[in-house]
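Under our numbering, think of the first position of the sequence shown as 5, with each following residue one higher.
Where is the CB? At the ideal position from N, CA and C, for every residue including glycine.
All values reported here derive from a predicted model rather than from experimental measurement.
In what follows, a single structure is set out as structure tokens and then discussed.
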Amino acid sequence: MRSHLLNGLTAEHYRRSVTEGVERVAAKLAATERPFTGVAVDELSPRVDAIDLDRPLGDTAAVLDELEDVYLKDAVYFHHPRYLAHLNCPVVIPAVLGEAVLSAVNSSLDTWDQSAGGTLIERKLIDWTTTRIGLGPAADGVFTSGGSQSNLQALLLAREEAKSEDLGKLRIFASEVGHFSVQKSAKLLGLGPDAVVTVPVDRDKRMQTLALARELERCQAEGLVPMAVVATAGTTDFGSIDPLPEIAELCDRHGTWMHVDAAYGCGLLASRKYRHRIDGIERADSVTVDYHKSFFQPVSSSALLVRDAATLRHATYHAEYLNPRRAVRERIPNQVDKSLQTTRRFDALKLWLTLRVMGVDGIGELFDEVCDLAVQGWHLLAADPRYDVVVEPSLSTLVFRFIPAAVTDPAEIDRANLHARKALFASGDAVVAGTKVGGRHYLKFTLLNPETTPSDIAAVLDLIAGHAEQYLGESLDRAS
């Protein structure tokens, strides 16, 4: 079995095995005509359940054949131009190369003596990102597993900086369309059930600053502690960007930590065309970025950035076997001192290779393309009498609802939209997401693929309308 260990003696075996796998994936990508096959869980589950994991096949080719049957054949392919559902981006080739390198070398980014150059590369990328944000010379940060972990750590720092002995008095203010990880983080941090105060949004789904001001004043009048305001630069449902400069002013006035969840909107940091849309982000105390959303990186690649490096001490714990206190005095850079994780992948390498091959302008141009595409999609929807579109896009998301001409019952229209989404997914012709607006069911395009065209959007709208109309026709037949 030692022949399967990756080392100098098995380098050729490694090369052959990885090449076989890459060739399979490349062939699959080249032949994929739809984002999904439409396979149902009841069809796929028996194939997986039938595999006896205690009886290995022993041959790479045979295992890849099996993998094709239970995974590759029926995977949901984000690279396809008609995958329009969630915040999943197609990935750039330099980042995939980075994934292959980091997996093989298998550095762990918790301590210097496990990563060396990897530590320095990650720190360089953190400095690069904080500079693009404009956080200032004292800024720092750390790579994380994703936006939820970044938001959790940011709120941990905010909780500690609030210096309140009564956790029940702490309050977090977030948009009503902000990410659910804010509520989840509050629970994990031991805050009370009323800790998160949701602030209403305007017609463009941006946090209402007048409402935020009232809530902050009410909080302090009641003897509560305004621990943090979470502004969003790219909400999951609408791609809306909160008014960051105005929120920063309110946070300054009330001495409140300002966190910007830019997991989605961080792509604007690379944009030469739309960077101004996140002006004010430089005033944040902490920022979440997900490179695996709008920098076209494979999952996972995310980071938490902070204005003041000293605040990261709230996540520090010294273990004698790993990162003893003397390492700080000896100026040994142990990233575990900043992280909620201990063992941690060298995910920064993917972004490093992307920047070194493509450059930041290359990333920004790709993100600008999908933002431009969303505007074109919005015009298509606004001109189509079959659809109601919610807001003009700030990033690359469109939320809309099929409205049949002959049906007025909102509940029946809800069912038609739900059916259309499910039927489209089952067909495999396209994949779209869904959400609720005002208690009603809507559909959602999240456009992150520069290969998607207005013609693709128009074709998918026709497919949705066809499925919805078929459902409503069958519903009328059943009623009669």
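Enumerate in chain order the residues of its own chain whose CB-to-CB distance from residue i is below 6 Å, with the five nearest sequence positions on each side excluded.
{"i": "E164", "result": "H318"}
{"i": "C255", "result": "V233, M262"}
{"i": "I4", "result": "Within the shown structure, residues of the chain are numbered from 5 to 484, placing residue 4 beyond reach of any answer."}
{"i": "A215", "result": "V203, P204"}
{"i": "G42", "result": "A430, S431, G432"}
{"i": "D289", "result": "W261, M262, R311"}
{"i": "V293", "result": "A266, C270, A307"}
Would you give the residue range spanned by the beta strand (DSSP E) that residue i belongs to?
{"i": "G145", "result": "144-148"}
{"i": "L171", "result": "Unbroken run through L171: none, as it is neither H nor E."}
{"i": "R207", "result": "No beta strand (DSSP E) contains R207, which DSSP labels as neither H nor E."}
Excluding sequence positions up to five away, which residues of its chain have a Cβ less than 8 Å from the Cβ of residue i?
{"i": "L428", "result": "A434, V435, V436, V464, L467, I468, H471"}
{"i": "G138", "result": "I285, E286"}
{"i": "K188", "result": "S152, L156"}
{"i": "P408", "result": "R390, I417, A420, A472, E473, L476"}
{"i": "E27", "result": "none"}
Per DSSP, residue i is paired with what?
{"i": "H263", "result": "V234, S290"}
{"i": "D392", "result": "R405"}
{"i": "H445", "result": "K440"}
{"i": "S179", "result": "V203"}
{"i": "I245", "result": "A237"}
{"i": "T347", "result": "Answer is none; T347 lacks a bridge partner."}
{"i": "V229", "result": "L174"}
{"i": "T450", "result": "T401"}
{"i": "K435", "result": "For the record, residue 435 in the displayed sequence is Val; it is not Lys. Answer by DSSP bridge pairing, in chain order: Y87."}
For my contact list, residue i and residue j are in at a C-beta cut-off of 8 Å; report their separation, rounded to the angstrom.
{"i": "K448", "j": "V403", "result": "5 Å"}
{"i": "G145", "j": "L309", "result": "4 Å"}
{"i": "Y295", "j": "L355", "result": "5 Å"}
{"i": "V374", "j": "P454", "result": "6 Å"}
{"i": "T36", "j": "H90", "result": "Wrong, their Cβ atoms sit about 18 Å apart, outside the cutoff."}
{"i": "A266", "j": "F299", "result": "With a Cβ gap of about 11 Å, A266 and F299 do not count as contacting."}
{"i": "G432", "j": "R38", "result": "5 Å"}
{"i": "F406", "j": "A420", "result": "6 Å"}
{"i": "A143", "j": "A313", "result": "7 Å"}
{"i": "G238", "j": "L399", "result": "5 Å"}
{"i": "T358", "j": "A99", "result": "5 Å"}
{"i": "N338", "j": "D114", "result": "7 Å"}
{"i": "V229", "j": "S168", "result": "5 Å"}
Please report the residue range of the alpha helix (DSSP H) in which residue i lies.
{"i": "I417", "result": "414-431"}
{"i": "S21", "result": "15-35"}
{"i": "F371", "result": "364-387"}
{"i": "A331", "result": "329-333"}
{"i": "V74", "result": "64-74"}
{"i": "V361", "result": "352-361"}
{"i": "H258", "result": "248-258"}
{"i": "E47", "result": "45-53"}
{"i": "A190", "result": "185-192"}
I'd like the list of long-range same chain contacts for residue i, defined as Cβ closer than 7 Å, with 5 residues on each side in sequence excluded.
{"i": "P328", "result": "H322"}
{"i": "I125", "result": "A352, L353, W356"}
{"i": "D206", "result": "Q212"}
>> Which complete alpha helix (DSSP H) runs does the segment 95-156 hold, if anything under 4 residues is left out?
In response: 97-109, 116-119, 121-137, all fully within the segment 95-156.
> In the segment 292-316, which residue ranges form an unbroken beta strand (DSSP E) of at least 3 residues, counting only runs that do not cross its ends?
Replying inline: Correct list: 306-310.
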